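Chemist:
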Amino acid sequence: MNSRITSQSGTRGQAQQESLTGAEIVVRTLLDLGVDTMFGYCGGVVLPLFDKLFDAPIRFIVPRHEQGGCHMADAYARASGKVGVVVATSGPGACNLVTGLATAMMDSSQVVALTGQVRTELIGNDAFQEADTTGITRPITKYNCLVKDVKDLERTIREAFYIASTGRPGPVLVDLPVDVEVARYHMGEPATIDLPGYKVRTKGHSRQIAMAAQAINQSERPVLYVGGGVITSNTSEQLRALARKANIPVTMTLMGLGSFDQTDPLSLDMLGMHGAAYANYAVQECDLLIAVGARFDDRVTGKVATFAPHAKVIHIDIDPASISKSVRVDIPVVGDARCILEELLEQVEHRPRTAWFEKIAQWKQRYPFAYDRNSPYIKPQYVIEEIWRQTRGQAIVTTGVGQHQMWTAQFYKFRHPRQLITSGGLGTMGFGLPAAIGAQIARPDALVIDIDGDHSFNMTMTELATAVEHNLPIKVCIMNNGYMGMVRQWQELFYGKRYSKSYLANPDYANVARALGAVGLTCEKKEEVPKVIEEMLRQERPCVVDFKVDRHENVWPMVPAGKSLNEMNGLDILERLI
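Numbering-wise, the sequence shown is residues 50 to 627 according to our numbering.
1. What is the C-beta distance between V581 and M528, in whole angstroms, given that I count them as a contact (C-beta under 8 Å)?
2. Taking only runs of the beta strand (DSSP E) that begin and end inside the segment 456-541, which ones reach a length of at least 3 residues, in chain order?
3. In this structure, how does DSSP classify C119 when only helix, strand and coil are distinguished?
4. Run the CB neighbour count on V353, radius 10 Å, all protein chains shown included, and call it buried at 16 or more, exposed below.
5. Would you kindly check if the distance between the Cβ of Q159 and the Cβ of T213 is under 8 Å?
6. Closest to K248 by C-alpha separation, out of R217, P112 and G531, would be which residue?
7. Confirm, please, whether the CB-CB distance from L626 to W420 is below 8 Å.
8. Suppose the cutoff is 8 Å on Cβ atoms and the five residues either side in sequence are ignored; what does the same chain contact list for S613 look like?
9. Have a look at V382 and E518 and give me their C-alpha separation to the nearest angstrom.
10. Pairs of beta-carbons, one from the segment 559-575 and one from the segment 387-407, closer than 8 Å: are there three or more?
11. In three-state terms, what does DSSP make of C335?
12. Just the C-alpha distance for T169 and P483, rounded to the nearest angstrom, thanks.
13. Rounded to a whole number of angstroms, what is the C-alpha to C-alpha distance between N296 and D557?
14. Residue ranges of each beta strand (DSSP E) run of no fewer than 3 residues wholly in the segment 380-420, ordered along the chain?
15. Quick check: I389 and G253, are their CB atoms within less than 8 Å of each other?
16. Can you find at least 3 beta carbon pairs, one from the segment 321-333 and one from the segment 397-414, that sit closer than 8 Å?
17. Taking buried to mean at least 16 other C-beta atoms within 10 Å of its own C-beta, is S316 buried or exposed?
18. Measuring only the C-alpha atoms, how far is R464 from T251?
19. With 16 as the cutoff for other CB atoms within 10 Å, does E73 come out buried or exposed?
20. Tell me where the alpha helix (DSSP H) around R77 begins and ends.
21. Starting from the Cα of A153, find the closest Cα among D501, L82, K191 and F309 and give me that residue.
22. May I have a chain-ordered list of the beta strand (DSSP E) segments no shorter than 3 residues that lie completely inside the segment 259-319?
23. Just to confirm, are G278 and A343 a CB contact at a threshold of 8 Å?
24. Is the segment 98-110 close to the segment 465-485, with three or more CB pairs under 8 Å?
25. My output table needs one value for G569: the three-state DSSP class, helix, strand or coil.
26. Within 10 angstroms of the Cβ of D123, are there 16 or more other Cβ atoms? Answer buried if so, exposed if not.
27. Closest to W405 by C-alpha separation, out of P429, S371, G246 and D336, would be which residue?
28. Is the beta carbon of G19 less than 8 Å from the beta carbon of G149?
29. Can you tell me the Cα-Cα spacing of I433 and W456, whole angstroms?
30. Use the C-beta contact count for N174: other C-beta atoms within 10 angstroms, 16 or more gives buried, fewer gives exposed.
31. Hey, is S308 close to the ligand FAD, as in C-beta under 7 Å from one of its heavy atoms?
32. Nearest-angstrom Cα distance between G142 and F210?
33. Quick check: what's the CA-CA separation for P493 versus V446?
34. Tell me where the alpha helix (DSSP H) around V223 begins and ends.
35. Select from G545, R590, L163 and V95 the residue whose C-alpha is nearest the C-alpha of G566.
36. Grouping DSSP H, G and I as helix and E and B as strand, with all else coil, what is T164?
Here's what the structure looks like:
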């Protein structure tokens, strides 16, 4: 190991006696910040940085594409609670991060991207592999900057990590011109972080919390509506304590699944467009909606004008910009959810609310998630239920985007935070496989399963080679119906069954997996499903299973675009299937 790049004590004293290159400063700062894993792809203007990483005690994962690397860093952050770090070169390398950064931004994931840039004197002259990276990524990052002076390098990187991981988390990008990477500077004591324009409010206003507690104690039909903010703020324990003490049912967004044990009787599972009918009805009938770490996105609210029409709304969130952005809030409480719920917990009272729970029980009995269990075809819901049964609900699950994502949310009952890693806000197809890799690296002792769609898997399938290279025992379950499933469903329901360009011929996924060095399995018969899953779970290296599922299965229920939450399609179908 190069003795100049360590995180041991005495590093600073040595640093004060020597001049370091910008690249050395970057690596030393990363080590001081506790970074032990990075993702990224090499290129011309980041060669100085990669040269110093060569001797650094940092595990570096090279993806097959920069987008995959960014998704890996994102999932690593979500699974571990640490900051995920990704590196890319200038121009096309940086541009290939765009989808990954936008995904992290929408889902509030703490990622720091380090991108190379052409020499400072060439910026703006259309130099080889030049792109305006900060301009391109400004709308899809929490903060970004171009470092033009090596003296600012350490401070900027420390600030990047601080901004990415505090408040409402999000991706931060630091653009590094190659001349800054090779310039030299005497590195002194750790730079202090002083950001007058960036203040994070953690403690909620006591009067607002008291008002929220009073509203909860007076309500007859309350519902807790919780999102990903509960997970990122590590507030699941406080949420569960609040729900049980105050006796309040809990519904979760897609990003909030796992924040509350779905096997708990108080769970209403997921709400929204493809959420549980009983969750949607409860929201529409409640007299108090307590939103925690959720942003009232359109997939949750349906028609905003008729969302929770009888409810007073409490909104607990660390991001003041989210308050009353789409839904008018009666009692806003800005601050860290954990701090606020701890204070709120002391003031709420237990109430039986017998009539309310009886009504919810009726909805649950009448409108459970269901599918045709007698069908001769492999139903994707059956595959997911069987995965849940055999993993005892303990796997970390990643997904792509589409029907399989919604079936996973409906039929895999999540019990723990950071257990579901999926693309929510941006809806990024291809997220599942690289996310599984990032999650497995973050949690090497965990069972990680990517429940994917065929067209989502197609977009990033080459990352399977990355999993093979690093001997990561991830499992990939492809719900292969030949279609872009959710697109086909919309075409069936709203476009007269005109299936325009939503079907593609897929490769033999088992053979593709074997060619890339993984285990490849195919399941074509319903009765084979349990045994194939057993075989998959026995594998100690990457394994892909191609499940040939019913090509015409739809996700129910469904709130059509522009409709209210209680105007769900497919309820009659679900009732017939019970």
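Idealized CB from N, CA, C, for every residue including glycine. Please read these numbers as outputs of a predicted model, since none were measured by experiment.
Modeler: In short, the structure shows the following:
1. Here residue 581 refers to the residue found at position 532 of the sequence shown. Here residue 528 refers to the residue found at position 479 of the sequence shown. The pair is not a contact, with the Cβ atoms about 13 Å apart (cut-off 8 Å).
2. Those beta strand (DSSP E) runs which fall completely within the segment 456-541 and span 3+ residues are 497-502 and 524-529.
3. Residue 119 sits at position 70 when you count from the first residue of the sequence shown. In the three-state reduction of the DSSP assignment, C119 falls in the helix class.
4. As a working mapping, residue 353 is identified with position 304 in the sequence shown. By the C-beta density criterion, V353 is exposed, having fewer than 16 other C-beta atoms within 10 angstroms.
5. Start at 1 with the first residue of the sequence shown, and residue 213 comes out as number 164. Start at 1 with the first residue of the sequence shown, and residue 159 comes out as number 110. At residue 213 the sequence reads Ala, which differs from the Thr that was named. Contact: yes.
6. Taking the first residue of the sequence shown as 1, we reach residue 248 at position 199. R217 is the residue among R217, P112 and G531 whose C-alpha sits nearest the C-alpha of K248.
7. If you number the sequence shown from 1, residue 420 lands on position 371. If you number the sequence shown from 1, residue 626 lands on position 577. Contrary to the premise, residue 420 reads as Tyr rather than Trp in this sequence. Cβ atoms of Y420 and L626: closer than 8 Å.
8. Residue 613 sits at position 564 when you count from the first residue of the sequence shown. Same-chain partners within the cutoff: Q333, G351, K352, T355 and F356.
9. For the purposes of this step, residue 382 is taken as residue 333 along the sequence shown, with counting starting at 1. For the purposes of this step, residue 518 is taken as residue 469 along the sequence shown, with counting starting at 1. Each residue's Cα considered, the two are about 47 Å apart.
10. No: fewer than three Cβ pairs fall under 8 Å.
11. The residue given as residue 335 occupies position 286 in the sequence shown. If DSSP states are grouped into helix, strand and coil, C335 belongs with coil.
12. Indexing the sequence shown from 1 puts residue 169 at position 120. Indexing the sequence shown from 1 puts residue 483 at position 434. Between T169 and P483, the C-alpha separation is close to 33 Å.
13. Taking the sequence shown and counting its residues from 1, one reaches residue 296 at position 247. Taking the sequence shown and counting its residues from 1, one reaches residue 557 at position 508. About 51 Å.
14. Entirely contained in the segment 380-420, the beta strand (DSSP E) runs reaching 3 residues are, in chain order, 380-383.
15. Numbered from 1 along the sequence shown, position 340 holds the residue referred to as residue 389. Numbered from 1 along the sequence shown, position 204 holds the residue referred to as residue 253. A contact, by the Cβ cut-off of 8 Å.
16. The segment 321-333, when compared against the segment 397-414, does touch it at the 8 Å Cβ threshold.
17. Your numbering for residue 316 matches position 267 in the sequence shown. Of the residues assessed, S316 falls on the buried side of the cut-off, its CB having 16 or more other CB atoms within 10 angstroms.
18. Start at 1 with the first residue of the sequence shown, and residue 464 comes out as number 415. Start at 1 with the first residue of the sequence shown, and residue 251 comes out as number 202. When rounded, the distance between both Cα atoms is 27 Å.
19. Translated into the one-based positions of the sequence shown, residue 73 becomes position 24. By the 10 Å Cβ count, E73 comes out buried.
20. Start at 1 with the first residue of the sequence shown, and residue 77 comes out as number 28. For R77, the uninterrupted alpha helix (DSSP H) run begins and ends at G71 to D81, by DSSP.
21. As a working mapping, residue 153 is identified with position 104 in the sequence shown. Nearest Cα to A153 within the set D501, L82, K191 and F309: K191.
22. Counting only runs of at least 3 residues, the segment 259-319 fully encloses the following beta strand (DSSP E) elements, listed from N- to C-terminal order: 271-275, 299-301 and 316-319.
23. Taking the sequence shown and counting its residues from 1, the one referred to as residue 278 is at position 229. Taking the sequence shown and counting its residues from 1, the one referred to as residue 343 is at position 294. Going by C-beta atoms, G278 is nearer than 8 Å to A343.
24. Too few Cβ pairs lie closer than 8 Å, so no.
25. Residue 569 sits at position 520 when you count from the first residue of the sequence shown. Judged by DSSP in its simplified three-state form, G569 adopts strand.
26. The residue labelled residue 123 in the question sits at position 74 within the sequence shown. By the neighbour-count rule (16 or more Cβ atoms within 10 Å), D123 is buried.
27. On the sequence shown, residue 405 is found 356 positions in, with the first residue counted as 1. Of all alpha-carbon atoms in P429, S371, G246 and D336, the one lying nearest the alpha-carbon of W405 is that of D336.
28. No information on residue 19 is available, as it lies outside the stretch 50 to 627 that the chain covers here.
29. One-based indexing of the sequence shown puts residue 433 at position 384. One-based indexing of the sequence shown puts residue 456 at position 407. Straight-line Cα distance between these residues: approximately 8 Å.
30. Translated into positions along the sequence shown, residue 174 becomes position 125. Exposed, by the Cβ-count rule.
31. Ligands in the displayed structure: none, and consequently the ligand FAD is not present.
32. Taking the sequence shown and counting its residues from 1, the one referred to as residue 142 is at position 93. Taking the sequence shown and counting its residues from 1, the one referred to as residue 210 is at position 161. Each residue's CA atom was taken as its position, placing G142 and F210 some 21 Å apart.
33. For the purposes of this step, residue 493 is taken as residue 444 along the sequence shown, with counting starting at 1. For the purposes of this step, residue 446 is taken as residue 397 along the sequence shown, with counting starting at 1. Taking the straight line joining both Cα atoms gives about 14 Å.
34. Numbered from its first residue, the sequence shown carries residue 223 at position 174. V223 -> not in any alpha helix (DSSP H); beta strand (DSSP E) instead, spanning V221 to P226.
35. Start at 1 with the first residue of the sequence shown, and residue 566 comes out as number 517. R590 is the residue among G545, R590, L163 and V95 whose C-alpha sits nearest the C-alpha of G566.
36. Within the sequence shown, the letter at position 115 stands for residue 164. Three-state result, T164: strand.
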